[in-house]
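First the structure, in the form of structure tokens, and then the observations on it.
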Amino acid sequence: MSLLKTVDTDPSFAPRQSKALPERLIAGDPAFKTWAQDAAKDDLVHTGVWEATPGETRSIKGETFEFCHILAGVIEITPDGGKPVTYRAGDSFVMKPGFTGIWKTIETVRKIYVTVG
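full-length UniProt numbering applies: residue 1 is where the sequence shown begins, and numbers increase by one.
This is the structure:
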């Protein structure tokens, strides 16, 4: 097993497809695709590529830490009690454990993610 993992930003294998959970859906009908590419540390760390079509959902991180790097698209994240922040291709951010807020996909977004938790 190699300890170096290249994240394929345009994977050729089929993604896992899903929709927003009804209790988290705020607006639109966003569809999600996940290309999981690696798991480590007893399945606590996950890496891959995720894509979402426009819509608005409630984001709840729980005990999960997530690093995101936007490859394409535009999103707006509004932390509970905070002001909206816009991210677009080339931007990176972290959602720490306990984060809650609104995730609004303005233009179909594709991101690299690394979750720990």
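Using N, Cα and C, we set each Cβ at its ideal position, and we do this for glycine too.
Please say whether residue j and residue i have beta carbons closer to each other than 7 angstroms?
i: residue 116; j: residue 32; result: no
i: residue 77; j: residue 101; result: yes
i: residue 75; j: residue 7; result: no
Can you tell me the Cα-Cα spacing of residue i and residue j, whole angstroms?
i: residue 20; j: residue 110; result: 16 angstroms
i: residue 94; j: residue 87; result: 12 angstroms
i: residue 42; j: residue 2; result: 16 angstroms
i: residue 38; j: residue 11; result: 13 angstroms
i: residue 35; j: residue 84; result: 27 angstroms
i: residue 17; j: residue 30; result: 11 angstroms
i: residue 56; j: residue 13; result: 27 angstroms
i: residue 50; j: residue 107; result: 14 angstroms
With DSSP run on the structure shown, which of helix, strand or coil describes residue i?
i: residue 12; result: coil
i: residue 20; result: coil
i: residue 52; result: strand
i: residue 32; result: strand
i: residue 82; result: coil
i: residue 66; result: strand
Of the residues the options, which one's Cα is nearest the Cα of residue i?
i: residue 91; options: 68, 42 and 98; result: 68
i: residue 71; options: 9, 114, 85 and 25; result: 9
i: residue 27; options: 112, 54, 7 and 6; result: 54
i: residue 62; options: 34, 45, 96 and 29; result: 96
i: residue 22; options: 113, 58 and 14; result: 58
i: residue 80; options: 18, 103, 25 and 6; result: 103
i: residue 25; options: 82, 113, 114 and 105; result: 105
i: residue 114; options: 89, 48 and 4; result: 48
Answer with buried or exposed for residue i, where buried requires no fewer than 16 other C-beta atoms within 10 angstroms of its C-beta.
i: residue 52; result: buried
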